[in-house]
Each structure stands twice: as structure tokens, then as C-alpha cells.
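Shown next, in C-alpha cells, is the structure this report addresses.
Protein chains: 2
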Amino acid sequence: MMEQPPVGDILDPDEGFLTQNRAPRSGPPRSWRNWFIGRPLPSADAPHQTVGKAVGLALFAGDALSSVAYAPQETLVVLAAAGTAAFGFTFPIAIAVTILLAIVSISYLQTIHAYPGGGGAYIVARDNLGEIQAQVAGVALLIDYVLLAAVAVSSAAAQIVSAYPSLLPIRVWVAIGLLILILIANLRGVKEAGAVFVVPTYFFLTTTFLAVLIGFVRYVMGNLSVVTNPPPIEMLHGAQPFTLFLLLKAFASGTTALTGIECISNGVTAFKEPRSHNAGITMLWMSAILGILYLGITYLLGIIGAVPSETETVISQLARTIFGNRGILYLSIVAGTTIILVLATNTAFAGFPRLAAIQAADGFLPRQLAYRGSRLVYSRGIIALGAVASLLVFLFQASVTALIPLWAIGVFLSFTLSQIGMARRWWKIGHLAKGVEIREQGSTLRYESGWQTKLIINGFGAVCTAVVTVVFAVAKFRDGAWIIVLILPTIVLALFAIHRHYQELARDLSLEKYGEPPPSRRHRVLLPVSGIHRGSLKALDYALSLSDDVTAVHISIDQQQRLELEEKWKLWGRGIRLVVIESPYRTFIEPFLEYVNEIGDVLQPGDRVTIVVPQLVPKQWWHNLLHTQTAFWLRFMLLNQRGMVITEVPYQAG
Amino acid sequence: MMEQPPVGDILDPDEGFLTQNRAPRSGPPRSWRNWFIGRPLPSADAPHQTVGKAVGLALFAGDALSSVAYAPQETLVVLAAAGTAAFGFTFPIAIAVTILLAIVSISYLQTIHAYPGGGGAYIVARDNLGEIQAQVAGVALLIDYVLLAAVAVSSAAAQIVSAYPSLLPIRVWVAIGLLILILIANLRGVKEAGAVFVVPTYFFLTTTFLAVLIGFVRYVMGNLSVVTNPPPIEMLHGAQPFTLFLLLKAFASGTTALTGIECISNGVTAFKEPRSHNAGITMLWMSAILGILYLGITYLLGIIGAVPSETETVISQLARTIFGNRGILYLSIVAGTTIILVLATNTAFAGFPRLAAIQAADGFLPRQLAYRGSRLVYSRGIIALGAVASLLVFLFQASVTALIPLWAIGVFLSFTLSQIGMARRWWKIGHLAKGVEIREQGSTLRYESGWQTKLIINGFGAVCTAVVTVVFAVAKFRDGAWIIVLILPTIVLALFAIHRHYQELARDLSLEKYGEPPPSRRHRVLLPVSGIHRGSLKALDYALSLSDDVTAVHISIDQQQRLELEEKWKLWGRGIRLVVIESPYRTFIEPFLEYVNEIGDVLQPGDRVTIVVPQLVPKQWWHNLLHTQTAFWLRFMLLNQRGMVITEVPYQAG
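Chains A and B, in that order, give the protein sequences.
Going left to right, the first sequence walks through residues 120 to 773 as our numbering numbers them.
Going left to right, the second sequence walks through residues 120 to 773 as our numbering numbers them.
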């Protein structure tokens with residue numbers, strides 16, 4: 120059937136232009152979600168602020184500094200198994216952990232200077248090692264972020280419960296409630312600057328340093344008592360003899376103090392110029408503060424004889440012993456610690472979606488993760504993190520002790536890969552001819568003198584973190600590390616399966632070697648009809664506008680209905696042939712598909728088949744429940760038929 | 120664009136015929152479900168067997184006879200509140216219930232003769248009263264079936280737990296497990312004849328009569344002791360004084376013995392000719408057996424001093440007292456009672472889907488309920504009943520005592536409406552001129568002498584059952600009857616809303632006053648494109664085969680992507696105009712819908728708009744997770760746009 124050309128009526132002003140740009144006609148879309156997460160933000164609003172060292176410390180240190188809330192406690196939990204006498208090893212372990220902290224910090228200092236564009240483990244591994252190592256690092260980091268969120272809210276809930284013991288029975292829901300609040304804040308989009316981070320971080324630093332200081336003053340003056348009314352002690356797997364293995368386990372728990380140390384290296388671009396310099400100094404400050412607080416708190420815990428417990432955290436015990444009561448100063452310490460833990464959780468919500476977006480853009484995660492939502496944040500990644508972290512908190516009943524064994528493997532694995540990547544990079548740089556420049560995605564390579572020292576530093580860092588990774592995996596294997604040992608490679612395999620799909624699809628759809636389609640030869644139109652009414656006649660009318668080669672198909676289940684339909688067809692069928700197929704098993708879709716398949720089998724190149732499906736659109740959504748959704752299922756089944764086009768002609772009730 | 124007529128290649132043998140019937144080409148559809156519920160049955164297999172009186176009794180009596188398992192116990196539960204002294208009222212209450220049983224039976228005898236085609240309360244009310252009364256009766260019966268299923272499996276589970284007390288903690292799951300087994304059996308289609316029903320029913324009758332007989336013999340010989348180790352007594356709402364209200368409540372519980380008495384009147388067609396005669400005699404036998412067993416068991420329970428309990432049923436107490444131990448005879452009684460309760464549950468699965476199908480065919484329930492599934496049974500109705508009954512069993516923790524107050528209102532309401540309908544019918548018959556015949560859907564009306572007596576019998580039945588309905592609703596109101604008093608009218612209103620929808624739709628789609636559509640004037644085709652690849656070019660090719668008035672629309676989120684697309688379009692766009700719409704909020708569907716709406720607003724009669732959507736069909740279902748389902752959402756949103764046709768052009772990967 121010939122379509123008439125437009126006869127003078129200009130339906131829209133684009134006519135005649137080959138390409139026309141149109142501005143959007145209206146404001147931001149309205150939705151119930153706006154009330155919840157705020158009105159949509161246009162793409163042009165993306166922030167480009169940079170910060171100085173003091174604000175930068177507040178922005179990035181939450182994750183690292185919050186470690187003092189759980190690392191000493193988890194060391195004590197392990198040692199408790201061998202009796203309180205073993206608590207004496209806490210401080211030596213803390214010294215070993217602090218040395219490791221220094222090594223890792225110096226290693227990362229080099230990364231910060233080499234990657235002024237931001238050098239997370241994923242990017243360093245991708246640029247210097249290879250796809251597999253990069254994806255392993257990426258998955259390790261994603262797991263790390265999930266566990267950071269789970270551990271930090273669980274620890275925050277534990278602090279709250281220490282101050283308000285009546286909340287103990289609902290501790291899990293306190294943790295999940297905190298997670299949901301942080302999730303919503305991140306869906307709205309947290310401005311990564313200003314008072315939101317500065318005030319709580321420096322509040323935490325002030326109160327914690329004050330507590331440590333007063334503690335030491337009272338200790339030196341000899342009037343720091345032991346903790347009164349200690350809570351019931353908590354042990355992992357009951358009493359055990361003191362062994363080297365137990366010591367290694369305690370050390371492994373202590374190494375969780377290092378989590379978050381890499382944050383600044385990811386976020387170098389957030390600093391004012393000279394940004395590598397500023398970022399580097401901030402990181403050294405952060406490490407120094409962390410080291411001092413960690414050692415100080417651990418030492419004081421030994422003095423007051425704090426015990427690890429699920430009902431009161433050691434920080435709470437320390438605070439009430441130092442200040443002598445549960446007054447305002449006590450509450451400030453607990454509040455400061457809780458807030459810094461919430462900021463640490465927030466770090467996970469900042470890091471996970473960005474990393475997932477980079478991996479998605481590289482084609483290793485579902486592409487949807489790379490699109491920004493209405494508030495310019497990666498909403499899907501944020502929701503995914505919130506869902507998985509909530510599940511973990513629920514499954515592990517918000518127990519930091521239960522979650523810790525799953526955690527630090529991912530952290531140290533990504534440290535190791537990052538350091539190996541850096542070492543590899545120095546090796547490459549050392550073997551470049553002078554004046555040659557190699558540009559990579561994340562940084563520029565040119566010869567540098569002194570590369571040997573840097574190679575040794577990163578190489579030593581790699582060896583240390585690799586050893587810790589193995590120690591952690593072995594020492595904590597039975598306590599939960601096995602879960603990560605199983606899951607991490609599985610996820611890496613899944614990521615490569617996703618990558619293969621995208622690659623194959625791109626190849627299949629590529630226009631290279633694309634030939635013009637064969638000229639159109641015959642256009643068959645099939646029209647399933649169950650009854651003759653205005654809706655089916657509208658579809659028939661449309662079908663006839665496509666081709667004069669139309670076949671109506673009726674699947675007959677009821678003899679009476681079929682005779683009525685045949686009668687009506689004589690009157691209304693406009694001379695079009697009607698094929699009636701008996702369906703003895705009272706199914707509709709299967710006989711129709713069989714018929715369509717028969718036609719599909721004899722298709723010639725250039726033949727087209729269009730299936731025109733009348734589709735009722737009811738006035739109320741619930742009316743859909745009163746009708747078999749045949750058109751929906753037909754579409755679902757027919758989409759897999761090669762060369763068939765499905766057209767739905769809607770007819771509205773009313 | 121002109122479609123070429125078929126050029127000599129006959130694609131299928133239907134060409135040239137206006138109407139052509141085709142037999143199905145293959146056998147029954149295969150599916151994983153076949154393993155579960157059996158292979159599909161062709162429509163021609165519908166059974167047309169009839170049965171005699173003995174088998175008929177087995178087929179229909181399960182529901183009624185199983186009442187002896189719970190009616191005496193529930194009477195005792197109510198009386199227990201006033202102390203065990205009140206148990207003396209059990210037997211007088213049983214006599215009153217038996218008198219009511221006789222009245223209702225004689226009333227229904229008349230229905231059986233008047234409706235040889237089957238006269239359930241719904242049909243009698245529909246034919247003789249009106250739409251509202253019919254739907255009230257229908258809803259009352261549907262609720263009745265749901266509660267029958269819930270009560271009978273709960274009571275069956277209670278019997279099993281009495282014999283095997285270790286199952287007490289999982290009683291709810293025993294009940295739900297039984298429900299699921301009966302559900303599956305009904306999805307397969309239970310042949311309503313043969314040993315499946317006869318053997319268990321007569322096993323139950325034999326063992327129960329034997330127990331009652333031996334019980335009386337031992338009583339007369341003076342060696343029937345009281346029950347040893349009675350279980351802990353159960354009371355409703357703690358101790359209460361003995362009042363008339365309590366007596367009415369106990370009577371109301373006793374009336375549950377009448378449930379199921381109407382079954383035979385529904386199933387007259389299942390009997391051999393003369394079917395009304397055979398069905399009538401079977402019903403009288405059933406009532407007599409029920410009356411004798413009910414009175415006998417109630418009397419013996421009083422003698423042995425049985426107490427109502429959630430841990431051991433009174434039937435179990437009676438059986439072990441009569442037989443003196445928990446031996447084989449004891450187990451036979453409990454097993455027989457359990458099996459008859461399972462058969463009663465099965466009655467609900469036979470009745471509910473059939474009644475729902477009749478109501479659906481009348482347009483008061485979703486039409487899908489009127490279609491038979493692959494095994495020739497109304498699968499959707501069966502599944503609906505199973506789901507709602509399971510939910511009830513779970514919510515009421517399989518407690519018969521908790522479920523009973525919800526039950527008998529529906530039963531007696533349908534009895535009442537049925538009797539009123541019959542009385543009305545006799546009145547009409549009495550006022551017909553001789554020789555005049557009126558055919559109704561369910562029966563034929565012609566003058567009968569003696570109509571006055573019949574009117575009085577049914578009228579008296581109606582008054583009695585109406586009084587019981589009110590007594591039940593008032594006495595049990597606070598115990599749960601209020602739920603039914605609220606829900607029943609709500610469901611009736613919903614049914615009329617459904618009916619209104621179907622009527623309005625039929626009117627909207629009617630071909631009366633249907634004019635030919637205006638001649639086709641202009642066919643605009645819109646083609647959303649996100650990128651240029653083989654898939655989108657296939658869609659472009661198809662779009663050009665529909666009309667030469669094609670507009671490609673690109674929603675631009677990313678500036679870079681848009682420039683690439685515009686470049687490629689110059690090469691591959693076949694001169695078709697491309698409209699680019701900026702989407703500052705990174706949404707796709709909203710700006711496109713806005714554009715479509717603008718076009719829709721200026722449509723002239725006879726203008727068509729087709730939206731051609733390229734749709735990726737991946738090789739593996741899980742690949743769908745890796746792509747935004749834009750086409751799906753677009754279809755969903757566009758279907759509501761008046762006058763737009765949606766065409767999906769699938770492109771396959773690989």
C-alpha cells in the first residue's frame with residue numbers, strides 16, 4: 120500500500136533538515152523520588168572544586184583513622200582465647216603493625232607522585248600488569264568496600280550500644296538503619312567538601328587526642344585505675360593454648376588498622392596544586408596521626424585492663440575509666456568515634472560506585488553501573504553496595520569480630536598488586552631511553568634517575584603486603600577468610616564472562632564488512648485474532664497498511680467461539696484469508712509459534728514477516744489482572760524468532 | 120513504499136482460501152511441568168462417567184462425614200470455659216444440631232429433584248433471586264471452600280500429631296505439606312471415581328462404626344473407663360461463667376457438623392439415571408450416617424470424660440480409651456479420620472475452581488479462571504485456593520479452634536440463600552398457568568401440584584438456617600466472625616467492579632455503530648537510535664519499508680557519543696533526518712516521550728504514527744542483565760499513548 124507523502128501540513132519544525140538539535144522543552148522530570156533524594160541535577164553541575172591539606176585530611180582520613188575503633192579490640196578478642204595473660208602481646212603486635220603502616224605509607228607516597236591523576240590499585244594494576252591482575256585488584260577492592268561499609272556501621276552500632284545498653288537487642292537494626300541513612304545521603308549526592316567532613320573529623324581528633332593525653336597524665340601521676348565493672352569477656356571459639364598461630368591471628372586482626380591508607384592515592388585530583396605534593400604531605404600526616412593514636416590507645420588499654428566484649432567496646436571502657444564517669448566527656452569520645460565510623464562507611468559509598476563505574480566503562484561490569492543517576496551520582500552502584508552490605512550485616516548479626524576475617528584479604532591483596540604494579544613501572548622507567556615518553560591512561564612514563572631506590576621501596580612494600588595477605592588468609596581461613604578465597608576468583612571469572620559478552624556483541628554489530636541488506640521482496644503480515652471487535656479491526660486496518668499479504672490466524676479452543684468468529688469474519692474480514700488452527704491442549708501460544716516457525720523455515724532472503732498483535736490498554740492498571748497477557752507473552756516468545764518483527768497495535772478501552 | 124505482491128512462491132498451502140482449518144501439527148507441548156503434573160490432556164478426554172449410590176456416597180460424603188472429627192471437639196472447647204461441669208450440655212447440643220441436620224437435608228432433597236443439572240446455592244440464587252444475591256451466595260461458598268480446606272488439613276494434622284506427638288512443633292508444616300500434596304494431586308486431575316475415594320471412605324466408616332459399637336458394648340457391660348492421662352485442657356479466652364451466650368456459642372460450634380451437606384446437590388449429574396432419585400437417596404443415607412456417628416461419638420465422649428486439647432484430639436482420646444491401648448485398632452481410627460479429612464480437603468479443591476469458573480464465565484471473576492489448564496482442570500483456581508488456604512493455615516497456626524469462627528457463616532449464608540431461592544421458585548411454579556414452561560439456565564419451571572408443601576419445607580429451612588447464620592455471626596463475632604462480616608461484602612463489591620469492567624469493555628469494543636476508519640493519510644515513523652550498528656540499521660531498513668516519512672531520534676546524554684553518531688549518520692543514515700534532543704538530566708525515556716507527545720498533539724484523523732524500536736535479543740537470558748531494557752520500558756510507557764503503534768525490530772547477537 121502506497122503511503123501518501125505529507126501534504127503541506129508541517130507536523131514539526133524539523134522537516135527538511137537532515138540533522139537538527141533540539142533543546143529540552145521542559146524542566147527536570149518530576150517524580151515521587153524527588154522528595155526522597157532531591158530534584159534532578161543537570162550534567163553541567165558536576166563539581167570541580169579542589170581542597171587544601173587540612174580539608175583534604177578530613178575528606179580522606181575517615182576510613183584510616185576509624186581503624187582505632189576496632190583494630191585494638193579485635194587483637195584482644197583473638198588473644199582472649201589464651202587467657203587474659205596473653206593481653207600483654209597487644210602492644211608488641213601494635214608496634215609491628217605500626218612498622219608495616221610506615222612501609223605501606225612510604226610505598227603509597229611514591230604512587231601519589233607517579234599518578235597525579237589518581238592511582239588506585241585497579242588503575243595501577245591495569246596500566247602496569249595486565250587485565251587479569253587488574254580485575255583481581257578491582258574485585259578485591261570492591262569486596263574491600265563492601266566489608267568496610269559492613270564493619271564500620273557494625274562498629275558504629277557497637278559504640279552506640281555501649282553508651283545506650285538498652286539498644287543491645289536491636290543492634291543489627293541500628294547498624295542497618297545507619298547504612299540506609301548513609302545510602303540515602305549518597306543518593307542525594309554528598310558535597311565532598313566543607314563542614315560535612317571537617318567538623319566531625321576534627322571533633323574526633325580533638326576528643327581522642329585529649330582522652331589519650333589525659334590518660335597518660337593520669338597514668339604518670341599514678342591515679343589511672345583499672346576498668347570497673349568490666350563487661351563479660353568475649354572469646355573466639357573458646358579457650359585455646361597460646362601458640363604462634365594464635366599470635367599470627369592476633370597480628371592479622373591488628374593489620375586491619377591499615378585499611379583506608381590507600382584512600383588519598385585514589386583522590387589526588389581533589390587537592391589544590393601542587394596536588395601530588397599536597398596529597399603526599401596529607402598522607403604522611405594521616406599515617407602519623409593514625410600510628411600515634413593506635414599505639415597510644417593500645418598502650419592505655421593494657422594499663423586499664425580492658426576486655427573485649429560484644430556488649431561494650433574497649434573505647435567505651437577506656438573513655439569511662441579515663442574520665443571516671445559516663446559524663447559529657449565520655450559521651451564526646453563515643454560520639455566522635457561513632458561519627459568517624461559513619462564517615463568511614465561513607466568512604467565505601469564514595470569509592471565502590473566510582474570503581475564499579477570505571478570497571479563497567481572498561482566492559483567488565485554491567486554497563487548500567489557507568490551511568491550517572493538523576494543526582495549526578497552512580498545511583499546503581501550505591502544501591503548495590505547498600506544492598507550487599509546490609510545483607511552482610513544481617514547475616515553476620517552486626518558482629519565486627521565475625522566480619523573481620525573476611526575483610527583484610529581484599530585490602531592487602533590490592534595493596535600487593537598495587538605495589539607490584541609500581542615496582543614494574545619503575546623497572547620500565549629505568550629501561551627507557553632518555554627523552555622517550557610513553558603515555559598511559561593514568562600517567563606518563565619518562566626516564567627518572569633514582570628509579571632503583573623507588574623500585575626497592577615499592578618492591579619491599581609488595582613483599583611485606585604479600586606476606587601479610589598470605590598470613591591473613593591462612594590465619595583466618597577457618598574463621599571466614601575461606602569465603603573470600605572462594606568468592607574472589609568466582610567474581611573475577613564472572614567479570615571476564617561479562618567482558619566476553621560485550622566484546623562479542625560489539626563484533627557482531629560492527630559495521631565493518633557490513634553489506635547492504637537484500638532488497639525487500641515480500642512482506643507477509645500475520646494477525647492473531649481471538650475475537651472480532653473494534654480492537655482487532657483496528658489491528659487489521661493497520662496490518663493492511665503494511666502489506667496486502669495479510670493472514671489472520673485464529674487459535675481455536677472453543678468450537679462455538681470459532682464458528683461465531685468465522686461468521687463475523689465474513690462480514691468484517693475485508694476479504695483477508697483466515698487460518699484457523701485447532702488447539703486440542705487449549706494452549707494459545709504454542710500452536711501459534713508452531714505456525715510462525717513453519718513460515719520462518721521457508722523464508723527467502725529479503726522476505727519480511729511482521730506479526731501484528733492487537734493489545735488492549737485498559738483504563739486502570741488493575742484491569743490488566745482481568746485479562747490474559749497474551750500479547751506480552753507472545754512478544755516475549757517471538758523476539759527469539761529470527762527475522763520476525765513484532766508490532767503491537769494498542770486499542771484503548773473507553 | 121509499495122509492497123510487492125507475492126511473485127509465485129507459495130509459502131504455505133493456505134494461499135487463496137478465505138478460511139482454512141488446520142489440524143495441529145504436533146503432539147502435546149513438552150515442558151518441565153509435565154514431570155510434575157503429568158502430560159497435557161486433549162479436550163476430547165473430558166470424562167463422562169456416572170456412578171451409583173455406593174460410589175456416589177464415597178465421592179461426596181467426605182466433607183460432611185469428616186465433621187465428626189472436629190464438631191464435637193469444638194463444642195467442648197467452648198463449654199470448657201465454664202468448667203468441665205458444663206460438658207453435660209454437649210449431648211443436648213448435639214441433639215439440636217441433628218434436628219437442624221434433618222431439616223436442612225429434607226430441604227436439599229427438594230433442590231436435588233428440582234435441579235437435576237446440579238443446583239449449588241450460586242445457581243439457585245442466580246436463577247431465582249438476582250445478581251446481588253447470587254454473588255453473595257457465590258462469595259460465601261468460595262470463602263466456605265477456602266475455610267473447609269484450611270480447617271480440614273488443620274484437623275488432619277491434629278490427628279497425626281495426636282498419634283505421633285513428636286511432630287507437635289511442626290504441626291503447621293504438616294498441615295501445609297498435606298495441602299501441597301492435595302494441590303498437586305488436583306493439578307494432575309483426580310479421577311472422580313474408583314478406589315481413590317471408595318476404599319478410604321468405607322475404611323473410615325467401618326472403623327468408626329466399629330469403635331462406636333465396641334464403645335457402647337463396653338459401656339453397657341460397665342467396663343468403659345474414663346480417659347487416662349488426659350491431655351492439658353484447652354479453653355477459649357480463659358474461665359467464664361456459664362451463660363446462655365456461651366451455650367449459643369457452643370451450639371454455633373456444633374453446627375459446623377452440617378458443613379458439606381450440600382455437596383450432593385451440586386453434583387447430581389455425576390449419578391446414574393434416574394439421577395435425582397439416586398442422588399436423593401444417597402444424601403439421605405449420608406445424613407443418617409452423619410447423624411448417628413455424631414450423636415454416638417458425642418455421647419461416648421461424655422462417658423469417658425474426654426477433654427478438648429491442642430495436643431491430642433478427642434477422637435484420639437476416645438479411640439485409645441475404647442481399645443485400651445495405642446495399638447493397631449487405635450491407629451486405624453486415627454488413620455481413617457485423617458484420611459476422611461484429606462478427602463474433605465479434596466472436596467474444596469473440586470468445588471472452589473468449578474464455582475470460580477462459573478462465576479468467571481458470568482463475568483464476575485477474572486476470565487482466566489474459566490480456562491482449563493493442560494490437565495483439563497481449572498489450574499488457576501486450584502492454585503488460588505491452595506495459596507489462600509496455606510496462608511490461612513499459617514496465619515492461624517493450623518489451629519482448628521481459631522479457624523472455626525470464620526467458617527460456618529459462609530456455609531449457613533449460602534444455605535439460607537439457596538433455601539430462599541427454592542422457596543421463591545415454588546411460589547413462581549405455584550402461580551404458573553398449567554402447560555406453560557419456563558426454561559432457566561439450571562432447570563425447567565412448570566406447574567406442580569403440592570407446591571405449597573414444598574414452599575413450606577424450603578421456607579422453614581430458610582428460616583432455620585437464617586437464624587443459625589445470625590446466631591453464629593453474633594456468638595462468634597469477637598472470636599473471628601467479624602473478619603468474614605468485613606471481608607464478604609468487600610469481595611462482593613470487588614466482583615461487581617470486575618463485572619462493570621467487562622461490561623464496559625464489551626460495549627467499547629462492540630461493532631454496533633462502528634464506522635469504517637478514516638482513510639489513511641500520512642504514516643509517520645519514529646526511530647529512536649542510541650548508536651549506529653547493524654541492529655539500528657536493520658531497524659532503519661524496516662522503518663523505510665513502512666513509509667518514506669521516517670525521523671530518527673537521538674537522545675543525547677554524552678557530547679562525545681553524539682558527535683560520533685552524527686558523523687556516522689551522514690554515512691549510514693540513507694538521507695533520513697535525524698533529530699537530536701539534549702537530555703541534561705541524563706534520562707532517555709522522558710525526553711523521547713515528550714517529543715512523541717508533541718507529535719501526538721497535532722495528529723489529524725487518519726494520521727498514523729509508528730515507533731520502530733530496535734531490540735537486542737541476546738544469546739543467553741542473563742545477558743539481558745548487562746543491558747538497559749530501554750525497549751521494554753519504552754513499550755510500557757508508549758502503550759498508553761493514543762494512536763501510537765509500537766514495532767520492535769529484534770536483532771540477534773551472534
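Using N, Cα and C, we set each Cβ at its ideal position, and we do this for glycine too.
Could you check where the alpha helix (DSSP H) with P769(B) kicks off and where it finishes? As a position in the second sequence, residue 769(B) is number 650, starting the count at 1. Premise fails: P769(B) lies in the beta strand (DSSP E), M763 to Q771, not in any alpha helix (DSSP H).
Judging by CA-CA distance, which residue of I295(A), V293(A), L266(A) and L409(A) is the nearest neighbour of F328(A)? Locating residue 328(A) in the first sequence gives position 209, counting from the first residue. The shortest C-alpha separation from F328(A) is found at L409(A).
With DSSP run on the structure shown, which of helix, strand or coil describes H550(B)? In the second sequence, counting from the first residue as 1, residue 550(B) sits at position 431. Note: H550(B) maps to coil in three-state DSSP.
Alpha carbon to alpha carbon, how far is A271(A) from I222(A)? Give it in angstroms, no decimals. Along the first sequence, one-based indexing puts residue 222(A) at 103. Along the first sequence, one-based indexing puts residue 271(A) at 152. If you take the alpha carbons of I222(A) and A271(A), they lie about 25 Å apart.
Nearest to E631(B) (by Cα), restricted to the options I617(A), W691(A), V593(A) and P636(A): Indexing the second sequence from 1 puts residue 631(B) at position 512. When each option's Cα is compared against that of E631(B), the closest is W691(A).
Coil, strand or helix - T670(A) by DSSP: Here the question's residue 670(A) lines up with position 551 in the first sequence. Here T670(A) sits in strand by DSSP.
Nearest candidate by alpha-carbon position, reference T766(B), set A277(B), D660(B) and Q723(B): Against the second sequence, residue 766(B) aligns to sequence position 647. Checking every option, the nearest Cα to that of T766(B) belongs to D660(B).
Just the C-alpha distance for G334(B) and T325(B), rounded to the nearest angstrom, thanks. Within the second sequence, the letter at position 215 stands for residue 334(B). Within the second sequence, the letter at position 206 stands for residue 325(B). Cα to Cα, the separation comes out at about 14 Å.
Is there a Cβ from chain A that is less than 8 Å from the Cβ of H618(B)? Position 499 of the second sequence holds residue 618(B). It does not; no Cβ of chain A falls within 8 Å.
If you draw a straight line from the alpha carbon of S498(B) to that of L306(B), how long is it in whole angstroms? Locating residue 498(B) in the second sequence gives position 379, counting from the first residue. Locating residue 306(B) in the second sequence gives position 187, counting from the first residue. If you take the alpha carbons of S498(B) and L306(B), they lie about 6 Å apart.
Could you list the residues in the stretch 553–573 of chain A with a C-beta less than 8 Å from some C-beta on chain B, going in chain order? none
Is the Cβ of P485(A) closer than 8 Å to any Cβ of chain B? The residue given as residue 485(A) occupies position 366 in the first sequence. Yes - at least one Cβ of chain B is within 8 Å of the one on P485(A).
Starting from E686(A), trace the alpha helix (DSSP H) both ways and give me its first and last residue. Looking up residue 686(A) in the first sequence gives position 567. Q678 to W691 is the extent of the alpha helix (DSSP H) around E686(A).
At 4 residues or longer, and completely inside the stretch 446–480 of chain A: list those alpha helix (DSSP H) runs for me, N to C. 447–480
Using a Cβ cut-off of 8 Å (strictly closer), state whether A799(B) contacts chain A. The requested residue 799(B) does not occur in the structure, where chain B is confined to residues 120 to 773.
Interface residues of chain B facing T766(A) [CB-CB closer than 8 Å]: One-based indexing of the first sequence puts residue 766(A) at position 647. Chain B residues near T766(A): T729, V764, I765, T766 and E767.
What residues in the stretch 700–711 of chain B have a beta carbon less than 7 Å from any beta carbon of chain A? I700, E701, S702, P703, Y704, R705, T706, E709 and P710
Hey, could you find the ends of the alpha helix (DSSP H) D246(A) is sitting in? Here residue 246(A) refers to the residue found at position 127 when the first sequence is read from its first residue. Per DSSP, D246(A) belongs to the alpha helix (DSSP H) from A240 to N247.
For chain A, check one thing: does any of its Cβ atoms lie closer than 8 Å to the Cβ of L758(B)? Locating residue 758(B) in the second sequence gives position 639, where the first residue counts as 1. By this cut-off, L758(B) is an interface position.
Would you say A772(A) faces chain B, with C-beta separation under 8 Å as the test? To locate residue 772(A), count along the first sequence from 1; it is residue 653. Yes, because at least one Cβ of chain B sits closer than 8 Å to the Cβ of A772(A).
Using a cut-off of 7 Å between C-beta atoms, extract the partners of Q679(B) located in chain A. If you number the second sequence from 1, residue 679(B) lands on position 560. Correct list: empty, because the minimum Cβ distance to chain A is about 12 Å.
Are any of the Cβ atoms in chain B nearer than 8 Å to that of I628(A)? Taking the first sequence and counting its residues from 1, the one referred to as residue 628(A) is at position 509. For clarity, residue 628(A) is Leu in the given sequence; the question names Ile instead. Yes, L628(A) lies at the interface with chain B (some Cβ there is under 8 Å from its Cβ).
List, in chain order, every chain A residue whose beta-carbon is nearer than 9 Å to that of T347(B). Along the second sequence, read from residue 1 onward, the residue named residue 347(B) stands at position 228. Within 9 Å Cβ-Cβ: nothing; T347(B) doesn't reach chain A, min ~44 Å.
Alpha carbon to alpha carbon, what distance is there between W741(A) and E795(B)? Residue 795(B) lies beyond the range of chain B shown here (120 to 773); nothing can be said about it.
Contact with chain A by S498(B), beta-carbon distance below 8 Å: Position 379 of the second sequence holds residue 498(B). Cβ-Cβ to chain A under 8 Å: no for S498(B).
Can you give me, in chain order, the residues of the stretch 224–241 of chain B that have a beta carbon less than 9 Å from any beta carbon in chain A? none
Considering only residues of the same chain and omitting the five flanking positions on each side of I603(A), which have a CB-CB separation below 6 Å? Within the first sequence, numbered from 1, the residue matching residue 603(A) stands at position 484. Closer than 6 Å at Cβ, skipping near neighbours: L525 and I528.
The stretch 650–666 of chain B: which residues have C-beta closer than 8 Å to a C-beta of chain A, in chain order? I651, H652, R653, G654, L656, K657, D660, Y661, S664, L665 and S666
Considering Cα atoms alone, identify which of F596(A), P733(A), S562(A) and Q571(A) is closest to T230(A). Looking up residue 230(A) in the first sequence gives position 111. That would be S562(A), whose Cα lies nearest to the Cα of T230(A).
8 Å Cβ cutoff met for A201(A) and Y321(A): Stepping through the first sequence from its first residue, residue 201(A) is reached at position 82. Stepping through the first sequence from its first residue, residue 321(A) is reached at position 202. Going by C-beta atoms, A201(A) is not nearer than 8 Å to Y321(A).
Neighbour list for Y98(B) in chain A, Cβ cutoff strictly below 7 Å: Lying outside 120 to 773, the shown extent of chain B, residue 98(B) is not represented and no answer is given.
Using three-state DSSP, classify H642(A) as helix, strand or coil. The residue given as residue 642(A) occupies position 523 in the first sequence. H642(A): strand per DSSP, three-state reduction.
What do you reckon, are the CB atoms on N342(A) and G239(A) nearer than 8 Å? Translated into the one-based positions of the first sequence, residue 342(A) becomes position 223. Translated into the one-based positions of the first sequence, residue 239(A) becomes position 120. Their beta carbons are not under 8 Å apart, which means N342(A) does not touch G239(A) by this criterion.
Residue range of the unbroken alpha helix (DSSP H) whose run includes E381(A): Reading the first sequence from its first residue, position 262 is the one you call residue 381(A). Unbroken run through E381(A): none, as it is neither H nor E.
Can you tell me which residues form a DSSP beta bridge with L298(A)? As a working note, residue 298(A) is residue 179 in the first sequence. Per DSSP, none; premise fails for L298(A).
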